[in-house]
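Chemist: Pasting in a structure now, in structure tokens, and then I'll have a few things to ask.
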Amino acid sequence: MNRTDALLDRFLAALSSPPRSGPRSRRPLGRDSKVPSGSRRLARRLAALSGSSAYNQYADDPPPCDAPHQTPRTPPSGRTTLLSKHALAVWAHGSLAGGDYQEGRSDLDLIAVLPEPITARTVWEVAVAHARLRTEPLAGLLHCTYLTPATLPGSDRRHLTWAHGRLFRRTITPVTRRELHTFGRVLHGGAPAELLPPVTDLELEAFVVRDQRDFWRPAVDEARLWTRDVWVDLGLTTFARAAVTLREGRLISKGEALGELPGLGAPADVVEDVRRRRYGMRPLFAGEEWLARRSGLTRDYLGPAIDGLVEKYS
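Counted the way my numbering counts, the sequence shown spans residues 3 to 316.
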């Protein structure tokens with residue numbers, strides 16, 4: 003079993019009851035008093051951070067994290083409920099489901115559908131569950147958004163999410179929803195087609211254009227962002243993926259996007275830089291001078307490219 007599968011196994015165990023049989027069996031959380039003190043302390047710290055100015059650090063991360071969730075400062079009274087019942091479904095999307103997953107570099111993007119409305123107690127239990135996984139390899143890359151049957155419809159609805167070591171609320175975009183319907187990986191329970199409303203082509207296209215126009219194009223003008231790898235990598239691959247979706251109506255992986263970028267006129271040195279970092283290869287360039295040059299090349303390319311894409315498909 004590789005590290006990714008081991009972490010997914012631990013995560014699914016945290017959402018399942020009764021305990022698994024055999025030597026790998028794990029108990030559900032049970033009463034709050036059964037939560038190990040170290041996990042309880044970390045969960046309280048995460049709860050305190052969830053409403054603090056620490057969230058400002060994500061203002062410069064793409065895509066932006068919405069609305070920090072007001073996690074309870076202390077455990078709600080009574081028995082836990084989330085982790086003593088099965089999730090209705092757990093799905094993987096992104097590279098973990100669609101291919102081109104790079105262990106140790108790619109995020110583990112998950113969706114969990116819970117059977118009951120999300121309450122303050124649910125939020126506390128999610129914090130505790132993720133706190134328990136904190137020492138697992140790759141745990142920092144595991145992201146999960148929690149839905150219920152009542153909150154599955156609507157791309158504008160924000161949902162409880164764990165990512166970047168924090169709890170907050172964010173939407174499940176039309177792109178993610180289409181990914182789930184097209185190649186979502188079922189880790190537990192029902193398939194996306196059984197629970198998640200479909201996304202129309204018009205809805206998908208409108209979102210892709212809006213994302214390029216309203217988020218990525220203004221970001222290109224913020225020079226300070228583009229010395230960071232994450233902006234260069236996501237800015238270029240997201241543009242290429244948007245171009246293919248609008249041109250052909252299909253979704254592609256980041257690896258496929260890198261293959262598309264030269265034909266879309268992207269600067270070859272920058273594309274190669276992204277490729278080498280993504281696949282753990284030795285970089286051709288390094289240092290502050292390269293970062294400044296890469297920033298200029300990327301911004302000079304993306305600005306006109308996004309303008310042309312938006313004009314063509316608006």
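Ideal Cβ positions, reconstructed from N, Cα and C, are used throughout, including at glycine. Please read all numbers here as calculations on a predicted model, not as lab measurements.
Apart from the five residues on each side of it in sequence, which residues of its chain come closer than 6 Å, Cβ to Cβ, to Y303?
Modeler: A268 and P269
Chemist: What does T91 pair with, by DSSP beta-bridge criteria?
Modeler: The sequence shown places Ala at residue 91, rather than the Thr named in the question. In DSSP, A91 forms a bridge with V115 and G191.
Chemist: Rounded to the nearest angstrom, what separates E205 and G142 at their Cα positions?
Modeler: Cα atoms of E205 and G142: separation of roughly 32 Å, rounded to the nearest angstrom.
Chemist: Indicate whether V272 and V234 have their beta-carbon atoms separated by less than 8 Å.
Modeler: yes
Chemist: What would DSSP say about P78, mapped onto helix, strand or coil?
Modeler: With a pLDDT of 43 at P78, under the threshold of 50, the predicted position of this residue should be treated as unreliable, though the coordinate-derived value follows. Correct three-state label for P78: coil.
Chemist: Determine the DSSP secondary structure at A288, reduced to helix, strand or coil.
Modeler: coil
Chemist: With H, G and I counted as helix, E and B as strand and the rest as coil, what does DSSP make of L154?
Modeler: Annotated three-state conformation of L154 is coil, per DSSP.
Chemist: Could you give the distance in angstroms between the alpha-carbon of R107 and the alpha-carbon of G96?
Modeler: 13 Å
Chemist: Spatial neighbours of R278 within its chain, please: CB distance less than 8 Å, with the 5 preceding and 5 following residues excluded, ordered by chain position.
Modeler: R284, P285 and L286
Chemist: Please classify G305: does DSSP put it in a helix, a strand, or coil?
Modeler: helix
Chemist: Quickly, what does DSSP pair R171 with across the bridge? List them, please.
Modeler: Paired residue(s): L162.
Chemist: For the alpha helix (DSSP H) that T184 lies in, which residues bound it at each end?
Modeler: Note, T184: alpha helix (DSSP H), P176 to F185.
Chemist: In three-state terms, what does DSSP make of T300?
Modeler: Reduced to three states, the DSSP call for T300 is helix.
Chemist: Kindly identify the DSSP beta-bridge partner or partners of H132.
Modeler: Paired residue(s): none; H132 is not in a bridge.
Chemist: Should R168 be flagged as near chain D, meaning a C-beta pair shorter than 8 Å?
Modeler: The structure shown has no chain D; it contains just one protein chain.
Chemist: Give the straight-line distance between the Cα atoms of W218 and V312, rounded to the nearest whole angstrom.
Modeler: 11 Å
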